[in-house]
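Let me begin by presenting the structure, written as structure tokens, before commenting on it.
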């Protein structure tokens, strides 16, 4: 329902302007306007049909005071009055000048307001493009070959296809302003750049080949019906007529296409002026046909046909339809006799069929009242080279050896069948896009395009369907099947029916095909230019350039070159199915675009044209696809292959465009549906794969510290499953939003370099610890959540100033366990291989200490799918205790791997109980002393930081940056070395011997905790075993022990892990999620 609204100017209350102030402001505005006009940077405002200029000026005058509340918004958002003014003064650019979207971002010069209405702008151009060469040259032949009934089916299918497409096109064209670009613009903005580019190029190729078809039709009319003597090549022997005709087509076609290209290059305005003349020729020709049909009811024209038996004879070679004539009681043989006999004498030896059958003459156009319609109802398909014969005509068959070549029969030039006729006829209903292609020149495109296009299709469908019935009712069947009118002295068959003269049709069809060819050579380059200027196909960008006025010169040259390819084919019947494929593909995607938009119900889908439905669009799409394969299944496959190659090329190499297309909306709907489906529960073990949350560490410039972590991610995932790459910036989001965006851009760029397919999520949080917790809890959506966390080992965990301290790390381990997620910790990540490296040999060693659900087994298998690790062998080690049977363990493990379908070497390592070494005892003692010292020095650390800040503030005004750094460095004492040795411990004892702090005395008198000693013993012992077996392995996967339940021992936990992995190059610590991830069942 239309909405009525009134624009009411806001008046300042209690404030009056002085006259001088108002005059001064107006004078300043006038100077500004003059300055803008002189510079040419701003369009002079046109009189708005929606908003009066006086109100706008008054609104601008009061804007500064009445709208002060919205000053902040006015910097980025326009006032409603300004917005409405821009909309009121919107004008479409004419096609081929500047592409719509580029124009939105730059100032444009004022263009002439388009004034074309529905009749001139849409109806007549569609009429001219639809009615053309096929109607005049092939429709009678199609009716004669397929019969009236099957011809009616062919025409009805094709017209139904175009009508359904026009309904879909009307819905798209009325869903907002359609700038110049027509069908390409509609498809690309509805289905995205990939589909738009592929189908746009197909439509371009179709339009170009249509130009070739029209030119071939022009030459056929010229050389067959207007001036046969103009032929350059002539048949020297019988049977070479077709080849000679094709060569004439090639020579004349090349000349005409050069001439037409010059005309288009010189000026399109001449083509547009001639368009109405060409259209008048078409309309007059059709009127002449209908007038001729009416005349046949009471006065049929005299076009006799000569038949020998039931065989049709070509009258090009003789004039009298008789074997001999009587003159003065003397019998004389005719020219026809001499064509079938070896001499002119009555006792000459003649062809057997000629001797056995009589020569008869019948009327070629018996008239609409003759009842010939019943004879023409059914099809008469034939092989190539067959003689055109009249049904139900008496004849006597000659001997089997009778030859037909060399005699003046009318032969068929190609093999005919139903599907082939569909392919030849379909180009006659194309041209429905003529109105939408002129959308830039229409006064009201949203009203004119649906009305004009549907009326034009209705009119032309009526003309075609009525012509089929009228041709079948008026013309003899042998004449209808005579493609080139040889039986009627070389006249155009449809011309024989016309009134007042056949020349009306001949001249009219000649000029209409010329005009259609010029229109194709005018429209196709502009379509190519629009595609090139969109920048979606990089190698086509050169064709976006043209003359100073925007005419596409380079695109015209390419179009002429492709058109010449069609000319070299030289056969109109061979070119027609080619362009049918390209047009059908374009129409199919127009229907698809409408159906997708309707089903998605996007908020922006609000067409003014209401008489559409998604079922009609799907029916039209299905009909287009069916017609493609009916016409020619191999041409259909080739056209689809071409479109598919263009689609993939644009997808990989083309510029990324976000046009709010329907395919993106379809993807979102499909993703939503899939997410709702997988929300039901956790995946089955057979479907389980690591869905990774990769925790990255960023430096002060927001660059990734360890890029190899993303390399390892892509090697582990190989583009499958879910990958979320996350990181945390410490601070409040309002303060860190710029840094967050920069960090996201940097991470995405690195993901592209490392070929890591996934999503990026950067979180700003006051606490780094809370940010990591937030990512672990909330990353992902629905069923697409991560089940595994991948992170790098904090190398500098012993430095408490490091933000990723051991406390953050241990808490992350605990949270992944609480969330029932697996954890992968890559140690020495900078030594891991890049995606470009290749290991030619080596092992991936798995140390299976405890069962974790099978993660340790699955990860090497996934890694070996990647080319970096493909040549590495998998080895599995497990540890046997004192009471275990190591031989049986090995057999059981081998059987287990066999059922898991994993190829790996198996080894059982025996670890016997022995006494705890002094080294282990002392290492545990130093660890606990270090931990105690950290706690006692925490207060002194805070005091040192406050002292350094005080000195920094004091020297800020008087010292340069290097001096500040030097003073701070001098103020801060040396960092306490956290790695303890026996010598340092003794030195520390002597250094602090006189200290009054009792805590320091206690440190050197403490005894290690027995639980810690046992843990350290395990770490040292296991590390020795691993080093012995896997020191030279390319990668070691190891069960990661869990953190202690008592948080007081967290720092000791880090030391245990450090000892456990000491001396190994590449280590992946694996902690399972508690569920089975690998199964022996199918």
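In the working numbering, the protein residues as written are 476 to 1557. Glycine included, each C-beta is placed from N, C-alpha and C at the ideal position. From a predicted model like this one, the values you see are computed outputs, not experimental measurements.
Use the C-beta contact count for residue i: other C-beta atoms within 10 angstroms, 16 or more gives buried, fewer gives exposed.
i: residue 1257; result: exposed
i: residue 1072; result: buried
i: residue 509; result: Unreliable positioning characterises residue 509 in this predicted model, as indicated by a pLDDT of 47, which lies under 50. A coordinate reading is not provided.
i: residue 820; result: exposed
i: residue 1083; result: exposed
i: residue 1467; result: The predicted position of residue 1467 is uncertain, since its pLDDT is 49 and thus under 50; a value taken from the coordinates is nonetheless stated next. Exposed, by the Cβ-count rule.
i: residue 883; result: buried
i: residue 1171; result: buried
i: residue 1108; result: exposed
i: residue 1023; result: exposed
i: residue 737; result: exposed
i: residue 867; result: exposed
i: residue 910; result: buried
Need the endpoints of the beta strand (DSSP E) that residue i sits in, please.
i: residue 836; result: 834-838
i: residue 1323; result: 1318-1323
i: residue 1383; result: 1380-1385
i: residue 1546; result: 1542-1546
i: residue 701; result: Taken as a continuous stretch (DSSP letters only), residue 701 belongs to no beta strand (DSSP E), as it is neither H nor E.
i: residue 1352; result: 1348-1355
i: residue 720; result: It is not in any beta strand (DSSP E) - residue 720 instead sits in the alpha helix (DSSP H) that spans 716-741.
i: residue 1034; result: Segment 1028-1044 is the alpha helix (DSSP H) holding residue 1034; no beta strand (DSSP E) there.
Quick check on DSSP: helix, strand or coil for residue i?
i: residue 807; result: strand
i: residue 849; result: helix
i: residue 977; result: helix
i: residue 821; result: coil
i: residue 1197; result: coil
i: residue 1014; result: helix
i: residue 1190; result: helix
i: residue 796; result: coil
i: residue 669; result: helix
i: residue 688; result: helix
i: residue 884; result: strand
i: residue 1244; result: helix
i: residue 864; result: strand
i: residue 1179; result: strand
i: residue 779; result: strand
i: residue 1266; result: strand
i: residue 802; result: strand
i: residue 661; result: helix
Can you grab the Cα-Cα spacing for the pair residue i / residue j, in whole Å?
i: residue 1081; j: residue 1093; result: 19 Å
i: residue 698; j: residue 811; result: 25 Å
i: residue 1181; j: residue 1229; result: 12 Å
i: residue 1349; j: residue 1342; result: 15 Å
i: residue 1212; j: residue 1221; result: 14 Å
i: residue 1374; j: residue 1101; result: 50 Å
i: residue 854; j: residue 1016; result: 50 Å
i: residue 1264; j: residue 1297; result: 6 Å
i: residue 1519; j: residue 1527; result: 9 Å
i: residue 1098; j: residue 1176; result: 58 Å
i: residue 1508; j: residue 1318; result: 5 Å
i: residue 613; j: residue 623; result: 14 Å
i: residue 1385; j: residue 1490; result: 18 Å
i: residue 846; j: residue 951; result: 10 Å
i: residue 836; j: residue 778; result: 10 Å
Is there a Cβ from chain D that is less than 9 Å from the Cβ of residue i?
i: residue 1117; result: The question asks about chain D, but that chain is absent: this structure has only one protein chain.
Where do the ends of the alpha helix (DSSP H) carrying residue i lie?
i: residue 621; result: 614-648
If you pair each beta-carbon of the region 1042-1061 with each one of the region 755-768, do three or more pairs fall below 8 Å?
no
Is the region 1350-1364 in contact with the region 1188-1199, if contact means three or more CB pairs nearer than 8 Å?
no
Measuring CB atoms only, is the region 777-788 touching the region 626-637, in the sense that at least three cross pairs come out at less than 8 Å?
no
Check whether the region 1194-1203 and the region 1231-1246 touch, using three or more Cβ-Cβ pairs below 8 Å as the test.
yes
Does the region 831-848 touch the region 865-873, meaning 3 or more C-beta pairs lie closer than 8 Å?
yes
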